[in-house]
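Residue numbers (this note's numbering), protein chains in the order written: chain Z, 1 to 342; chain H, 1 to 342. The beta-carbon is built from N, C-alpha and C at its ideal position, and this holds for glycine as well. Below is one structure, written out as structure tokens; the observations come after it.
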């Protein structure tokens, strides 16, 4: 079994001799070689320069020996194609924020390959350079999360503008969600056609609303996106952060594998989802701020917890933190690679 | 039935003709009369000046007609009594942060009444001025949440320092939790003896860790605090934010009533807790950023949802936001007061 099989088969709920492993945000600031590249270019230029984006995508493959590569990009990369300005300062800033029915009407559902050609060129370079060593994951934000950013204009503790729209002007929210859904479908289908071998959909802000609002404002759009991606023949992973309260709904999204954060054990998450799913996760990224012994101990506990699942893709429960010591990331990956499902 | 009965009886799981209502952070920046007082004094001076703290505590009683008053203070007010410096800038800053076994050893379990006499004087003034119109709630942070702030030194997205301590040096974390527990017990027992008629324990950061870690690092200390407060004969409310994943554990804490945020409906939260509890909550504070019609509609839905519970204290699911229009806060309170449990 080569690495390619290990990850893709786990997505589909087939168990190998050990779980495959990768880390969300594995190409990032915790790696000195990434910081070297960033000395030369800003974040958005890096996303938009295929040779450099491919280079940093490959860094954790070399350094950590993970079982999958994930396209180096950002969930807001499609925003300019929809007619908005995007900057990083250092968090994302979208301008002007989308606040009214009129703002939504002016948004474009873009011819995405013409608008963000660098994404697809990066994928083509990566498939050539990876030569099948590990599979390449493409990704996008779920429509709820992308829309939340477009309305808010930047990160927010409460997402008050977005929630005000959901609560007081749901028809405007739905019009926006429809446009972000159409855009996301085009964006991801083109990623698969360029060579992405699996797709992860990030619903980072899904957990900010009640299960009832999630069912109305996120889930139906997630289903549309995943249906379209599945029709392209690649496995899908859906990750709704901090959404344990909506697990029963999340389970109906149609993804091959479900991401889960560290708040629930993998066994508890599996029960909450209704069992039968391959799960991806779920070590608290803060564990990787501790010492190697702690990383090994908590990673082993996670692996034992996941050994009873139909499929387990070892990962963190959220993106790796910039202040993480590289040795701890290595210890995490090596602990997974040394584990054998008995 | 007077107001006093309405709130205190609901805490104890007795249903009146309608739920009592108050708002977390009801004395705060959304009120123009509060901002007037704050023009003259900074936040910490306000907390430490009994006449002024009592004045702002009473403002929402007059303006909104809520059914309970809550002491104007901050969960970090006991920190200086433990030997640390406290400032607001505008969020809390504790210095030096508590990071090592040695740091913990130097923390004082204070003679709390001598250290923060202004808290108790504020309570005595309030009981005189309230004259039984509405009951007075005292409060503190749960030991987990207070300890999280002492270790972090300020608010944090990840609470990485605190988690590193939990994961890599649990014995240091337990030593700290023991000291914050002893301090909190003294702090709250003295509040009751000064006149607080109910106590709310805020565990704002409990939801940042897994259910398993919550069971080890928060719950046992919450139980100790609630046991000590209950022995003083007043009802207790425990509110662990964003902790739906640990609901079964939260339910064992021993509080008379449990707070819950908006992520779960009251009916779902009640089921997750194991039924039989009076619940407090749970409108998303962001609903109060919308229009009056939306506030009324969503408040009514919450009230209907809560009508089947053993007891319901209408409240928000987190503190009222500073940018909330006062009219929306009034609409929330009036909707509750106009509701009749059929």
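Q: Starting from residue 247 of chain H, trace the alpha helix (DSSP H) both ways and give me its first and last residue.
A: As a working note, residue 247 of chain H is residue 247 in the second chain. Taken as a continuous stretch (DSSP letters only), the alpha helix (DSSP H) holding residue 247 of chain H covers 247–250.
Q) In this structure, does DSSP put residue 26 of chain Z in helix, strand or coil? A) As a working note, residue 26 of chain Z is residue 26 in the first chain. Coil.
Q) For residue 335 of chain H, which of helix, strand or coil comes out of DSSP? A) Walking along the second chain from the start, residue 335 of chain H turns up at place 335. Of the three classes helix, strand and coil, the one that applies to residue 335 of chain H here is helix, per DSSP.
Q) The alpha helix (DSSP H) spanning residue 59 of chain Z covers which residue range? A) Indexing the first chain from 1 puts residue 59 of chain Z at position 59. Unbroken alpha helix (DSSP H) run through residue 59 of chain Z: 50–64.
**Q.** 8 Å CB neighbourhood of residue 335 of chain H in its chain, flanking five on each side removed
**A.** One-based indexing of the second chain puts residue 335 of chain H at position 335. Excluding residues within five positions, the ones whose Cβ falls inside 8 Å are 295, 296, 299, 300 and 303.
(Q) Three or more C-beta pairs under 8 Å: does that hold for the stretch 170–177 of chain Z against the stretch 228–238 of chain Z? (A) no
Q: Since I believe residue 60 of chain H is in contact with residue 344 of chain H (beta carbons under 8 Å), could you give me their beta-carbon distance rounded to a whole number of angstroms?
A: Residue 344 of chain H cannot be examined here, being either before or after the span of chain H that is shown, 1 to 342.
Q | From H:114, H:201 and H:138, residue whose alpha carbon lies closest to that of residue 146 of chain H | A | On the second chain, position 146 is the one that residue 146 of chain H refers to. It is H:201.
Q: For residue 20 of chain Z, I'd like the list of residues in its chain whose CB is within less than 6 Å of its CB, leaving aside the five on either flank, ordered along the chain.
A: Translated into positions along the first chain, residue 20 of chain Z becomes position 20. Cβ neighbours of residue 20 of chain Z beyond the five flanking positions: 6, 7, 10, 67 and 313.
Q) Can you list the beta strand (DSSP E) stretches of 3 or more residues lying completely in the stretch 218–248 of chain Z, in chain order? A) 236–240
**Q.** Cβ of residue 210 of chain H within 8 Å of any chain Z Cβ
**A.** Residue 210 of chain H sits at position 210 when you count from the first residue of the second chain. Taking Cβ atoms only, chain Z reaches closer than 8 Å to residue 210 of chain H, which makes this a yes.
Q | Span of the beta strand (DSSP E) around residue 72 of chain Z | A | The residue you call residue 72 of chain Z lines up with position 72 of the first chain. Per DSSP, residue 72 of chain Z belongs to no beta strand (DSSP E) and is neither H nor E.
Q: Identify whether residue 89 of chain H lies in helix, strand or coil by the three-state DSSP scheme.
A: Locating residue 89 of chain H in the second chain gives position 89, where the first residue counts as 1. In this structure, residue 89 of chain H counts as coil in the three-state DSSP scheme.
Q | For residue 140 of chain H, the residue or residues it bridges with in DSSP | A | Indexing the second chain from 1 puts residue 140 of chain H at position 140. H:201, per the DSSP bridge assignment.
Q | C-alpha gap between residue 326 of chain Z and residue 131 of chain Z, whole angstroms | A | What you label residue 326 of chain Z is simply residue 326 of the first chain in a count that begins at 1. What you label residue 131 of chain Z is simply residue 131 of the first chain in a count that begins at 1. Going from the Cα of residue 326 of chain Z to the Cα of residue 131 of chain Z covers about 26 Å.
Q. Residue 253 of chain H CB to nearest chain Z CB: under 8 Å?
A. For the purposes of this step, residue 253 of chain H is taken as the residue at position 253 of the second chain. By this cut-off, residue 253 of chain H is not an interface position.
Q) What three-state label does DSSP hand residue 342 of chain H in the structure shown? A) Position 342 of the second chain holds residue 342 of chain H. Coil.
Q) Where does the unbroken beta strand (DSSP E) through residue 258 of chain H begin, and where does it stop? A) Counting from one through the second chain, the residue named residue 258 of chain H turns up at place 258. It spans 257–259 - the beta strand (DSSP E) in which residue 258 of chain H sits, taken as one unbroken run.
Q | Continuous alpha helix (DSSP H) assignments of at least 4 residues falling wholly in the stretch 281–319 of chain Z | A | 292–306
**Q.** Residues in the stretch 286–297 of chain Z having any Cβ partner in chain H nearer than 7 Å
**A.** 286, 287, 289, 290, 291 and 294
Q) What's the gap between the Cα of residue 120 of chain H and the Cα of residue 219 of chain Z? A) Taking the first residue of the second chain as position 1, residue 120 of chain H is located at position 120. Taking the first residue of the first chain as position 1, residue 219 of chain Z is located at position 219. Cα to Cα, the separation comes out at about 50 Å.
Q. What residues of chain H sit near residue 329 of chain Z, judged by a beta carbon separation below 8 Å?
A. Within the first chain, the letter at position 329 stands for residue 329 of chain Z. Near residue 329 of chain Z there are no residues of chain H at all, since even the closest Cβ is about 15 Å away, more than 8 Å.
Q | Span of the alpha helix (DSSP H) around residue 121 of chain H | A | Taking the first residue of the second chain as position 1, residue 121 of chain H is located at position 121. Where residue 121 of chain H is concerned, the enclosing alpha helix (DSSP H) stretches over 117–130.
Q) Can you name the residues of chain Z whose CB is closer than 8 Å to the CB of residue 321 of chain H? A) Residue 321 of chain H sits at position 321 when you count from the first residue of the second chain. Result: 158 and 160.
Q.
At the 8 Å Cβ level, is residue 265 of chain Z part of the contact set with chain H, yes or no?
A. Here the question's residue 265 of chain Z lines up with position 265 in the first chain. Judged by the 8 Å Cβ criterion, residue 265 of chain Z is in contact with chain H.
Q) To the nearest whole angstrom, what separates the beta carbons of residue 250 of chain Z and residue 243 of chain Z, a pair I think is in contact under 8 Å? A) As a working note, residue 250 of chain Z is residue 250 in the first chain. As a working note, residue 243 of chain Z is residue 243 in the first chain. Residue 250 of chain Z to residue 243 of chain Z, Cβ: 6 Å. Contact.
Q: Report buried or exposed for residue 252 of chain H, applying the criterion of at least 16 other Cβ atoms within 10 angstroms of its Cβ.
A: Position 252 of the second chain, counted from the first residue, corresponds to residue 252 of chain H. Counting Cβ neighbours within 10 Å, residue 252 of chain H comes out exposed, since fewer than 16 surround it.
**Q.** Nearest residue (CA-CA) to residue 47 of chain Z, options Z:340, Z:217, Z:279 and Z:118
**A.** As a working note, residue 47 of chain Z is residue 47 in the first chain. For residue 47 of chain Z, the nearest C-alpha among the options comes from Z:118.
Q: Excluding the 5 residues preceding and the 5 following residue 259 of chain Z in the sequence, name in chain order all residues of the same chain whose CB lies nearer than 7 Å to its CB.
A: Numbered from its first residue, the first chain carries residue 259 of chain Z at position 259. Contacts found: 237, 238, 239, 280 and 281.
Q: Check each candidate in Z:215, Z:315, Z:213 and Z:255 and name the one with the smallest Cα separation from residue 229 of chain Z.
A: To locate residue 229 of chain Z, count along the first chain from 1; it is residue 229. Here the closest residue by C-alpha is Z:255.
Q. In chain H, what lies closer than 9 Å to residue 174 of chain Z by C-beta?
A. Here residue 174 of chain Z corresponds to residue number 174 of the first chain, with the count starting at 1. Here the premise fails: no neighbours, minimum Cβ distance about 16 Å.
Q. Once you ignore the five residues that flank residue 109 of chain H on each side, which residues in its own chain have a CB closer than 6 Å to its CB?
A. Walking along the second chain from the start, residue 109 of chain H turns up at place 109. Only 179, 182 and 183 meet the Cβ criterion.
Q: Leaving out five residues on either side along the sequence, give the residues of the same chain with a beta carbon under 6 Å from the beta carbon of residue 13 of chain Z.
A: Along the first chain, read from residue 1 onward, the residue named residue 13 of chain Z stands at position 13. The answer, listed in chain order, is 278, 310 and 311.
Q. At a CB-CB cut-off below 7 Å, which residues of chain Z make contact with residue 245 of chain H?
A. Walking along the second chain from the start, residue 245 of chain H turns up at place 245. Those are 244, 263 and 264, listed as they occur along chain Z.
Q: For chain H, find out if any of its Cβ atoms is closer than 8 Å to the Cβ of residue 164 of chain Z; answer yes or no.
A: Here residue 164 of chain Z refers to the residue found at position 164 when the first chain is read from its first residue. Closer than 8 Å to some Cβ of chain H, the Cβ of residue 164 of chain Z qualifies, so yes.
Q: Pick out whichever of Z:158, Z:273, Z:264 and Z:152 has its Cα sitting closest to the Cα of residue 103 of chain Z.
A: In the first chain, the residue the question calls residue 103 of chain Z occupies position 103. Residue Z:152 is the option with its Cα nearest to residue 103 of chain Z.
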